[in-house]
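So the sequence shown is numbered by my numbering: it starts at 1 and just counts up by one.
Don't be surprised by glycine CBs; every beta carbon is placed ideally from N, CA and C.
Since the structure is predicted, the reported quantities are computational estimates derived from the model, not experimental observations.
Data block below; observations after.
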Amino acid sequence: MSGRPTLTQALWRDHALSRNVLLFVALAGTIGSIAAGLDHPRAWWLLFLFVPLLLITVIDLAQTHHSLRRNYPGSARLRWFFEWLRPFLRSDIVESDLDGRPFSHDERALVYARAKGDVSTHPFGTELDVYSEEYEWLPHSMAPTRQAERYTRVTVGTDQCSKPYRAARLNISAMSFGALSANAIEALNLGAKIGGFYHDTGEGGLSPYHLKHGGDIVWEIGSGYFGCRDAKGHFHPEHFRERAGDDAVVMTEIKLSQGAKPGHGGLLPGAKVTAEIAKIRDVPQGEDCLSPAYHTAFSTPRGLLEFAARMRELSGGKPVGIKLCVGYPHELFAVVKAMVETGILLDFIVIDGAEGGTGAAPTELSDRVGMPLREGLMLARNALVGTNLKGRVKLAASGKVNSGAAIAMNAALGADWCNAARPFMFSLGCVQSLRCHTDTCPTGIATQSLARQRGLVVPEKAERVARFQKATLDALHDMVVAAGLNTPDEFTPDSLRQRINASEMRSFDELYPFVAPGELLDGARDPRLAAWWRQADPESFARRA
Numbered sequence: 001m002s003g004r005p006t007l008t009q010a011l012w013r014d015h016a017l018s019r020n021v022l023l024f025v026a027l028a029g030t031i032g033s034i035a036a037g038l039d040h041p042r043a044w045w046l047l048f049l050f051v052p053l054l055l056i057t058v059i060d061l062a063q064t065h066h067s068l069r070r071n072y073p074g075s076a077r078l079r080w081f082f083e084w085l086r087p088f089l090r091s092d093i094v095e096s097d098l099d100g101r102p103f104s105h106d107e108r109a110l111v112y113a114r115a116k117g118d119v120s121t122h123p124f125g126t127e128l129d130v131y132s133e134e135y136e137w138l139p140h141s142m143a144p145t146r147q148a149e150r151y152t153r154v155t156v157g158t159d160q161c162s163k164p165y166r167a168a169r170l171n172i173s174a175m176s177f178g179a180l181s182a183n184a185i186e187a188l189n190l191g192a193k194i195g196g197f198y199h200d201t202g203e204g205g206l207s208p209y210h211l212k213h214g215g216d217i218v219w220e221i222g223s224g225y226f227g228c229r230d231a232k233g234h235f236h237p238e239h240f241r242e243r244a245g246d247d248a249v250v251m252t253e254i255k256l257s258q259g260a261k262p263g264h265g266g267l268l269p270g271a272k273v274t275a276e277i278a279k280i281r282d283v284p285q286g287e288d289c290l291s292p293a294y295h296t297a298f299s300t301p302r303g304l305l306e307f308a309a310r311m312r313e314l315s316g317g318k319p320v321g322i323k324l325c326v327g328y329p330h331e332l333f334a335v336v337k338a339m340v341e342t343g344i345l346l347d348f349i350v351i352d353g354a355e356g357g358t359g360a361a362p363t364e365l366s367d368r369v370g371m372p373l374r375e376g377l378m379l380a381r382n383a384l385v386g387t388n389l390k391g392r393v394k395l396a397a398s399g400k401v402n403s404g405a406a407i408a409m410n411a412a413l414g415a416d417w418c419n420a421a422r423p424f425m426f427s428l429g430c431v432q433s434l435r436c437h438t439d440t441c442p443t444g445i446a447t448q449s450l451a452r453q454r455g456l457v458v459p460e461k462a463e464r465v466a467r468f469q470k471a472t473l474d475a476l477h478d479m480v481v482a483a484g485l486n487t488p489d490e491f492t493p494d495s496l497r498q499r500i501n502a503s504e505m506r507s508f509d510e511l512y513p514f515v516a517p518g519e520l521l522d523g524a525r526d527p528r529l530a531a532w533w534r535q536a537d538p539e540s541f542a543r544r545a
């Protein structure tokens, strides 16, 4: 057939009835309603049903932007309805208990149960395939511990820090006001206050909602220096001193990168920079708010340490650390080598895994950039142990930590404590609808809509936050006791076992290199670690030849 397609062809050819069924139904219904209404006045109400349907189908038929709607007037819109409904149907109906990404139904159900104070035990045995290559486990002892302390804490702060902090083994990871609603921030902080653990602000600034209830705060400072910046977007010492001196702020954290979008900055459009956001972030109202991919306060490993030391002084001696998703191993080694050579120490390092979450990120960065948590954690552990800094400089892990088992497994690889973000969102009621970036979060957590935030009642959700954290640490204690240990610090790399295939299992110290204390300084046995150490330059993030 040649020539341009016509409206007649669209209406009467090539499965015309199935393609235009709603148009024909609406047209017939409208005509029938008018005819019936002439004899039966009560039939006029049918026009309220058929006339809108007719208008929609005619609009679809005439518009030129969507081919599917043009060829299937009216009925094509059902595709968008089911696409909107798909995450909910998949999460609650289609997926099995162990399927689902990024968190399975069972993983979410565990958090929900603990947050609500329900029984979180599991009947009839594990649903995991213990002979699959994905299975991993921790050993238990024939002589479980009798008197292991239930809620141990970690003292954070080197001898260069005058106000050390005793951190819980599980805390709230970085989530900014703006990404989360005011009610969500309040509930998280009140939950942290009730439970005695800390709440990381994220890089969006120190908001009144973080401070309202007095829970311990770790103030995260990103490349935008929000809340402590000058008019040009550079670090402002006096603004930082004023806010970091608040009693609620117990530590500050320099964000170098995050797992979900490592090496990527962000832009908050001017339309979203309200008067409140502008005040919190120290930015002009109504103007685009840029968070660049790079820091302007330093450009070398030595410069990073000098900046951290300055922040520690300005905050009155509170601990200062860094958070990063590991990329090039030699860069992390360069920071540690700079600590060795300068004597300036960080108080802590948080390793964020590539599996970490965010409100929105480019797909390519989320899927293909950055080192997963375990590899990054083992690298940081080796860097600190190999330079005799482990213990003085504390190490934390962040990335899909939703259970006591996850904390124990990270402890085996060197983590002193863990941070979690999405599991604490689950404790607030998040249903993993995957609408964080649309401002239409159905539970009022990841939205600035006041109407949607109303569904999140702060006092009730705060109790859930505290219950989840406590129940998870209770589960961690059970694992410590079963392993015959006294604290999570006694888990070691040989505690974590990985199945290789159906007939072979190995411990992590058999699969990966783990250095002895001081080994990097003396010459690492593993050639990869030795090469990364040689490439590390405390004066540059570039690879040393």
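- The three-state reading of DSSP puts Y112 in helix, counting H, G and I together.
- Taking C-beta atoms under 8 angstroms as the contact rule, A248 and D216 qualify, at a distance of about 7 angstroms.
- If you draw a 10 Å sphere on the C-beta of M479, you find 16 or more other C-beta atoms in it, and that means buried.
- For I194, the enclosing alpha helix (DSSP H) starts and ends at 182–195.
- Pairing A167 with S223 gives a Cβ-Cβ distance that is not under 8 angstroms.
- Within 10 angstroms of the beta-carbon of N501 lie fewer than 16 other beta-carbons, which makes it exposed.
- Judged by DSSP secondary structure, T342 falls within the alpha helix (DSSP H) whose first and last residues are 329–342.
- Spanning the alpha carbons of T158 and L450 requires a straight line of approximately 43 angstroms.
- K261 is positioned such that its CB atom lies no closer than 8 angstroms to that of L379.
- In this structure, A466 lies away from S120, with their beta-carbon atoms at least 8 angstroms apart.
- Secondary structure note for H199: its beta strand (DSSP E) is the uninterrupted segment 198–200.
- Of the other Cβ atoms in all chains shown, 16 or more fall within 10 Å of the Cβ of R381; this residue is therefore buried.
- Within the same chain, Cβ atoms closer than 8 angstroms to the Cβ of R506 are found at R497, Q498, I500, the five residues on either side in sequence being excluded.
- The residues Y209, K212, H213, V458, A462, in chain order, have a CB closer than 8 angstroms to that of E186 in the same chain once the five nearest residues on each side in sequence are set aside.
- L47 and R13 have their C-alpha atoms roughly 28 angstroms apart.
- By the C-beta density criterion, E238 is exposed, having fewer than 16 other C-beta atoms within 10 angstroms.
- As computed with DSSP, Y165 is found in a beta bridge with V156.
- A Cβ-Cβ contact shorter than 8 angstroms links F468 with R114.
- If you check the CB distance, M339 and L332 do not come in under 8 angstroms.
- Taking 8 angstroms as the cut-off, the beta carbon of L521 is found closer than this to the beta carbon of G386.
- If you look at V218, you'll find it in the beta strand (DSSP E) that goes 216–221.
- At a Cβ-Cβ threshold of 8 angstroms, T64 and V51 do not count as neighbours.
- Annotation: L456 is outside any alpha helix (DSSP H) and is labelled neither H nor E by DSSP.
- Comparing C-alpha distances from A184 to each of F491, L529, G444 shows the shortest one belongs to G444.
- One Cα belongs to L314, the other to S141, and the distance between them is close to 48 angstroms.
- Linking P144 to I221 through their CA atoms gives a straight-line distance of about 43 angstroms.
- Comparing alpha-carbon positions, the option among A421, A524, Q535 lying closest to H199 turns out to be A421.
- Between V326 and G376, the C-beta gap is smaller than 8 angstroms, which places the two residues in contact.
- In the DSSP annotation of this structure, the continuous segment of the alpha helix (DSSP H) that includes I34 starts and ends at 21–39.
- A Cβ-Cβ separation of about 16 angstroms leaves G265 out of contact with E287 under the 8 angstroms criterion.
- If you keep only unbroken beta strand (DSSP E) runs of at least 3 residues inside the stretch 374–418, you get 394–398.
- Across the structure, E355 and A174 are spaced so that their CA atoms are roughly 14 angstroms apart.
- T300 and Q147 have their C-alpha atoms some 47 angstroms from each other.
- Nearest in C-alpha terms to H236, of all of D246, Y225, G245, is Y225.
- Residues M409, L496, R497, Q498, R499 of the same chain have their beta carbon placed closer than 8 angstroms to that of E136, with the five preceding and five following residues left out of the count.
- Assigned with DSSP and collapsed to three states, L206 falls in coil, not helix or strand.
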